[in-house]
Amino acid sequence: MHSPASRRNFLGCAATAALAASLARVSAAEPKTAATTPHGASGTDWPLIDVADEKALLDVLHSGKWGRTSGGARNREFETVFAQRMQAKHCIATSSGTTALLTALGALNIGPGDEVVLPPYTFVATFNAITANFALPVFADTDPASLQVDPTSVAAAITPATRLLLPVHIAGTACDLDGILAVAKERKLPVLEDACQAPLAEWRGRPVGTHGIGGCFSFQASKNLTAGEGGAIVTNDDEFAHRCYNFHTPGGGKPAPSLGRAANFRLTEFQAALLLSQWRRFEAQQTTRADNAAHLTQLLAAIPGIAPARLAAGNTRNGWHLYMFRYEAAKFSGLSRAKFLQALAKEGVAASAGYTALNRTPHVQALAKNPH
Ligand SMILES: Cc1ncc(COP(=O)(O)O)c(C=O)c1O
């Protein structure tokens, strides 16, 4: 076990946060002097870099093979490493989490007239991947205790037009996959996991991403594993993998019948190289995050009015992208959430009000009002 993080180390490196929440980045106890030691780029706490990252990028630069279509091997190497760790037969690296979702939905031939069930408590990209395919997003409710999608509500949202269930492991915590997979089985629907925030999170001892037909990940700048931008799809389904491959790189050549839909959603070799070098420290960082989260949970237990998001029993490992908790104003003399967040900020705690439920955003309401 790591020694408990000091208050300063714990909070000074906090990530962005959800629902008045914050979670420590990796421990700040690492010295920032030696170039061989991970240190924040440009004096920031995140991302961490060392000479191996520099070398990885320079090697690609000098090789002249900057993309997978120019013969670079880094995409393939990263896909192999990531697939193995995710216990997946296939991985397809993409330019972002959004394009991973677009690719997966394209490979599933989701289109006009189709409905896709998703939670409203997610980043807007989950919604956009559906509307960009001219399909209809249908919201299922959020379980207020876990802040994850409620499987009973998913079942209730299904209609004859439903083609896909798209649950999200929000904050890096696995949603109730037992419940969702049971609904999917009964209604004979595929499940695609939006695991953009959840690399290394596990449900009942198995990494998230392959519990349904596949899962999508993001390596955007705020994520625990990052190359600035980037994404990946994992799957154990050969046909789906080939379709995704051919979708994300036109003329991909994998043995799958063409659906007549494709785009260039490839990751560059620079990003793949950076992901490979960042990957070397990722497991250890996740362990530190878990230790920090456990420490924070212990401390918060002493404060009435703070309720950390409940973790379902199947959550055997948390991805800890964010630390979510509920704040009960009545227990803080009616202090408004805005003031509460201000007070936290003054204490150096990076916390935010979290996502706005998508159904309440102008972006989503514009679609609801669109008569066409
Ligand atoms: C739940 C969720 N889905 C999808 C995405 C989209 O990923 P990206 O920003 O890499 O396109 C994100 C990114 O923040 C996310 O958090």
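Residue 107 is where the sequence shown starts when you use the working numbering, and the numbers rise one by one after that. We put the CB at the ideal spot given by N, CA and C, even for glycine. Because the structure is a prediction, the values reported are computed rather than measured.
Exercise for the section: Please indicate yes or no: does the CB of residue 278 lie closer than 7 Å to some heavy atom of ligand 2? Expected result: By its list of ligands, the structure shown excludes ligand 2, since it contains just ligand 1.
Problem - Buried or exposed (CB count within 10 angstroms, at least 16 for buried), residue 351 - result: With 16 or more other Cβ atoms within 10 Å, it is buried.
Exercise for the section: Please check the pair residue 426 and residue 466, which I expect to be a contact at CB under 8 Å, by giving their CB distance rounded to whole angstroms. Expected result: With 8 Å as the limit, residue 426 and residue 466 do not qualify as a contact, their Cβ atoms being about 27 Å apart.
Handout entry: Beta-carbon proximity list for residue 334, same chain, < 6 Å, skipping 5 on both sides
Key = Excluding residues within five positions, the ones whose Cβ falls inside 6 Å are 327.
Exercise for the section: Report the option in 329, 316 and 219 whose CA atom is closest to the CA atom of residue 343. Expected result: Of all alpha-carbon atoms in 329, 316 and 219, the one lying nearest the alpha-carbon of residue 343 is that of 316.
Practice task
Taking 8 Å as the threshold, find out whether the stretch 279-294 comes into contact with the stretch 171-189 through three or more Cβ pairs.
Solution key: Taking a cut-off of 8 Å on C-beta distances, the stretch 279-294 does not touch the stretch 171-189, as fewer than three cross pairs fall below it.
Handout entry: Secondary structure of residue 468, DSSP reduced to three states
Key = Three-state result, residue 468: helix.
Exercise for the section: Run the proximity test for residue 335: is its beta-carbon closer than 7 Å to any non-hydrogen atom belonging to ligand 1? Expected result: Because some heavy atom of ligand 1 lies under 7 Å away, the Cβ of residue 335 counts as near it: yes.
Handout entry: Simplified DSSP assignment, three categories, for residue 222
Key = Strand.
Exercise for the section: Given a cut-off of 8 Å, decide if residue 306 and residue 423 are closer than it, judged by their beta-carbon atoms. Expected result: Less than 8 Å separates the beta-carbon of residue 423 from that of residue 306.
Handout entry: Beta-bridge pairing of residue 324 - partner residues as DSSP gives them
Key = Looking at the DSSP assignment, residue 324 forms a beta bridge with 337.
Practice task
Return helix, strand or coil for residue 281, following the three-state DSSP convention.
Solution key: The answer is coil: DSSP assigns residue 281 none of H, G, I, E or B.
Problem - Coarse secondary structure for residue 312, derived from DSSP in three states - result: In the displayed model, residue 312 falls within a strand according to three-state DSSP.
Problem - Alpha-carbon to alpha-carbon, residue 178 and residue 400 - result: Each residue's CA atom was taken as its position, placing residue 400 and residue 178 some 41 Å apart.
Problem - Three-state class that DSSP yields for residue 175 in the structure shown - result: It is helical.
Exercise for the section: Measure from the alpha carbon of residue 239 to the alpha carbon of each residue in 231, 347 and 265, then state which is nearest. Expected result: From the listed residues 231, 347 and 265, the smallest Cα separation to residue 239 is found for 231.
Exercise for the section: Have a look at the DSSP bridge pairing and note the partners of residue 433. Expected result: Bridge partners of residue 433: 412.
Practice task
For residue 203, verify whether its CB is less than 7 Å away from any heavy atom of ligand 1.
Solution key: Yes, the Cβ of residue 203 comes within 7 Å of a heavy atom of ligand 1.
Problem - Alpha carbon of residue 406 to alpha carbon of residue 279, nearest angstrom - result: Approximately 18 Å, taken between the alpha carbons.
Practice task
Compare the Cα-Cα distances from residue 378 to each of 311, 147, 164 and 368 and report the closest residue.
Solution key: The candidate whose alpha carbon is nearest that of residue 378 is 164.
Exercise for the section: Measure the alpha-carbon distance for residue 148 versus residue 156 and round it to whole angstroms. Expected result: The straight-line gap from Cα to Cα measures roughly 12 Å.
Practice task
Reducing DSSP to helix, strand and coil, say where residue 345 ends up.
Solution key: Helix.
Practice task
Could you say which of 171, 151, 452 and 146 lies nearest to residue 159 if we only look at CA atoms?
Solution key: Looking at the Cα atoms, 146 is the closest of the given residues.
Practice task
Go through its chain and collect everything with a Cβ distance to residue 403's Cβ below 8 Å, but skip five positions before and after it.
Solution key: 414.
Problem - Alpha carbon of residue 255 to alpha carbon of residue 291, nearest angstrom - result: Approximately 17 Å, taken between the alpha carbons.
Exercise for the section: Would you check if the distance between the CB atom of residue 196 and the CB atom of residue 341 is smaller than 8 Å? Expected result: It is a contact, given that the beta carbons lie within the stated cut-off.
Problem - Assigned exposure category for residue 372 - 16 Cβ within 10 Å defines buried - result: Around the beta-carbon of residue 372, 16 or more other beta-carbon atoms lie within 10 Å, marking it buried.
Problem - Simplified DSSP assignment, three categories, for residue 375 - result: If DSSP states are grouped into helix, strand and coil, residue 375 belongs with the helices.
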